[in-house]
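J.: Residue numbers (the UniProt record's numbering): 1 to 488.
Mind looking over this structure? Questions follow.
Encoded structure:
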């Protein structure tokens, strides 16, 4: 009978005992070995315990990607407590709303806006007099509590259905192997970054962290550390391309065995470019939600045969329904619903707002369709779709076409009111050397007339964060407000 999976904290301690001098985590030029990481988090866990953290308590960590973030997570698990990673960019109002969803014992890295919860600041160092000896083994009842809301609606927590006995085998279907060098370029406060970190932790990866994304630094880290496995988002892939293309001989990407991208639809031009750089079977895509009800995978080779697809269902179940709840035939766009496989253990639970559900099937708000071969295609999010003269328009289609232009670094399209057509496309673009006429001419060759933006606004700031997420509704409101003021 196989030995049961121990909690993640015990797995890390065993890896440290086996190879104490192996590199565990690198960030900003500093590296901790496995032994150093294990000992330092034993001491930190004791410090958190003195502040009142106990088994089953919730602890919010509001820090950027850093060694300190990794230490905080591991210390929380060692106490049998529940980690809740939060973005350090959250405004106080949104942070307060998330903190109210569960009682918590401690906030790490940020003051509680209400002043009711104990906090420790960023850079907190525990008393050196505290022991760094091993602690008694404890199991956190909830492996993680991820925040969600921002781009999808009211804030909520999505709690993992499993406890902290997180098995290394979770990484095997993703091509992860023991001892990989794992570059984390996306925020670990988001599910993609967190899961990538957790897999790396239990498989003994050398974790190479980026506190913030910068394309030259990403490529330098891959080259210097011989990165073998990574997960990122299309926004980062798009920002990397002009830097890599400008001097491909300066960087060596040949060490990469598996390159995953998730989080948002990838523009086909960007996808093709990376398939050419890395080879088709190195580049893989995953689609699914933080809840992990169901997932699709697709390799680069499969994508070339089914361009635009996000893959076939590999775990759980998915179906596409029309507005009346009827299942759509292949090729017909509807709303995507998903659920875990019947009889499987729950993968999540909501605290706060919940997802849209229909008879036990959840919707993330995405629209799409299956083809005859069972490959899934995404059109857009239901809330982002708008109509132009009665015709449905999907911003993702326009953004995908615009991303084919080599000067475009990022873009976002929203629908804005129009007296004649009801709504019309409005494009926000980050690009070098483009003007509105150039954008309109470029898109006019690729899209139907009603999909071509009437107005193009240029910006110097990226339009999506490092997790690939955009505050589309907030940007739309800002655009509409500015247009209204301009008419006054």
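The beta carbon of each residue, even a glycine, is placed where N, CA and C say it ideally should be.
Taking only runs of the alpha helix (DSSP H) that begin and end inside the UniProt domain "AMP-binding enzyme C-terminal" (397-461), which ones reach a length of at least 4 residues, in chain order?
T.: For the UniProt domain "AMP-binding enzyme C-terminal" (397-461), whole alpha helix (DSSP H) runs of length 4 or above, ordered along the chain, are 436-444.
J.: What does a CB cutoff of less than 6 angstroms around residue 265 pick up in its chain, not counting 5 residues either side in sequence?
T.: Once the five neighbours on either side are set aside, the close Cβ partners of residue 265 are 378, 396.
J.: Short of 6 angstroms in beta carbon distance, which residues of its chain neighbour residue 393, apart from the five on each side in sequence? Order them along the chain.
T.: Within the same chain, residue 393 has close Cβ partners 386, 451.
J.: From the DSSP output, read off the bridge partner residues of residue 3.
T.: Paired residues: none, contrary to the question.
J.: Going by C-alpha distance, which of 372, 343, 375 is nearest residue 360?
T.: The shortest C-alpha separation from residue 360 is found at 343.
J.: If you draw a straight line from the alpha carbon of residue 125 to that of residue 277, how long is it in whole angstroms?
T.: Straight-line Cα distance between these residues: approximately 43 angstroms.
J.: On the premise that residue 416 lies in contact with residue 429, defined as a C-beta separation below 8 angstroms, what is that separation, rounded to the nearest angstrom?
T.: That belief does not hold up - the Cβ atoms of residue 429 and residue 416 are roughly 15 angstroms apart, past 8 angstroms.
J.: I need the DSSP call for residue 159, collapsed to helix, strand or coil.
T.: In this structure, residue 159 counts as strand in the three-state DSSP scheme.
J.: Is the region 158-174 touching the region 103-110 in the sense that three or more CB pairs, one from each, lie closer than 8 angstroms?
T.: In short, these stretches do not touch, since the Cβ pair count stays below three.
J.: Under 9 angstroms between the Cβ atoms of residue 201 and residue 207?
T.: Cβ atoms of residue 201 and residue 207: closer than 9 angstroms.
J.: What are the start and end residues of the alpha helix (DSSP H) that includes residue 477?
T.: First-last of the alpha helix (DSSP H) with residue 477: 472-487.
J.: Decide if residue 57 is buried, meaning its Cβ has at least 16 other Cβ atoms within 10 Å, or exposed.
T.: Looking at its Cβ environment, which holds 16 or more other Cβ atoms inside 10 Å, residue 57 is buried.
J.: Please classify residue 231: does DSSP put it in a helix, a strand, or coil?
T.: Here residue 231 sits in strand by DSSP.
J.: If you check the beta carbons only, do residue 31 and residue 20 fall under 9 angstroms apart?
T.: No, they are not a contact pair.
J.: Roughly how many angstroms separate the alpha carbons of residue 370 and residue 254, rounded to a whole number?
T.: Answer to the nearest angstrom: the Cα atoms are 34 angstroms apart.
J.: Could you pull the DSSP bridge partners for residue 393 from this structure?
T.: Its beta-bridge partners are 386.
J.: Per DSSP, what are the beta-bridge partners of residue 146 in this structure?
T.: For residue 146, which the question treats as bridged, DSSP gives the partners 158.
J.: Check this for me: beta carbons of residue 80 and residue 120, under 9 angstroms apart or not?
T.: Taking 9 angstroms as the Cβ cut-off, residue 80 and residue 120 do not qualify as a contacting pair.
J.: When the Cα atoms are used, what is the spatial distance from residue 150 to residue 82?
T.: Any answer about residue 150 is weak, because its pLDDT of 46 lies below 50 and its placement is not dependable; what the coordinates show is given next. Between residue 150 and residue 82, the C-alpha separation is close to 22 angstroms.
J.: Would you kindly check if the distance between the Cβ of residue 322 and the Cβ of residue 332 is under 9 angstroms?
T.: Against a cut-off of 9 angstroms, the Cβ pair of residue 322 and residue 332 comes out as a contact.
J.: When DSSP labels each residue in this structure, what does residue 293 get in the three-state scheme?
T.: Correct three-state label for residue 293: coil.
J.: Taking DSSP's pairing of strands, which residues face residue 261 in a bridge?
T.: DSSP, once it has assigned bridges, lists 232, 285 as partnering residue 261.
J.: Helix, strand or coil: how does DSSP classify residue 110 here?
T.: Coil, per DSSP.
J.: Can you tell me where the alpha helix (DSSP H) with residue 276 in it begins and where it stops?
T.: Segment 268-278, the alpha helix (DSSP H) holding residue 276.
J.: Taking three-plus beta-carbon pairs below 8 angstroms as touching, is the region 226-234 in contact with the region 254-263?
T.: The region 226-234 vs the region 254-263: in contact.
J.: On a CA-only basis, which of 374, 390, 363 is nearest residue 380? Give me that one, please.
T.: That would be 363, whose Cα lies nearest to the Cα of residue 380.
J.: Note down, in chain order, each residue of its chain lying with its Cβ closer than 7 angstroms to the Cβ of residue 28, except the 5 sequence neighbours on either side.
T.: The answer, listed in chain order, is 211.
J.: Looking at residue 61 and residue 25, is the spacing between their C-beta atoms short of 9 angstroms?
T.: Going by C-beta atoms, residue 25 is not nearer than 9 angstroms to residue 61.
J.: Which same chain residues, not among the five before or five after residue 110, have their C-beta less than 6 angstroms away from its C-beta?
T.: Once the five neighbours on either side are set aside, the close Cβ partners of residue 110 are 62.
J.: Just tell me which of 177, 4, 413 has its CA closest to the CA of residue 384.
T.: Among 177, 4, 413, the Cα nearest to that of residue 384 belongs to 413.
J.: Suppose you measure from the CA of residue 301 to the CA of residue 273; what does that come to, to the nearest Å?
T.: Each residue's alpha carbon lies about 13 angstroms from the other.
J.: Is DSSP giving residue 127 helix, strand or coil here?
T.: If DSSP states are grouped into helix, strand and coil, residue 127 belongs with coil.
J.: By DSSP, does residue 311 sit in helix, in strand, or in coil?
T.: Correct three-state label for residue 311: strand.
J.: Hey, would you say residue 219 sits closer than 9 angstroms to residue 351, going by beta carbons?
T.: Not in contact: residue 219 and residue 351 (Cβ atoms no closer than 9 angstroms).
J.: What residues in its chain sit with their C-beta under 7 angstroms from that of residue 389, if we drop five residues either side in the sequence?
T.: Taken in chain order, the residues that qualify are 421, 422, 450.
J.: Starting from residue 210, trace the beta strand (DSSP E) in both directions and tell me its first and last residue.
T.: Taken as a continuous stretch (DSSP letters only), residue 210 belongs to no beta strand (DSSP E), as it is neither H nor E.
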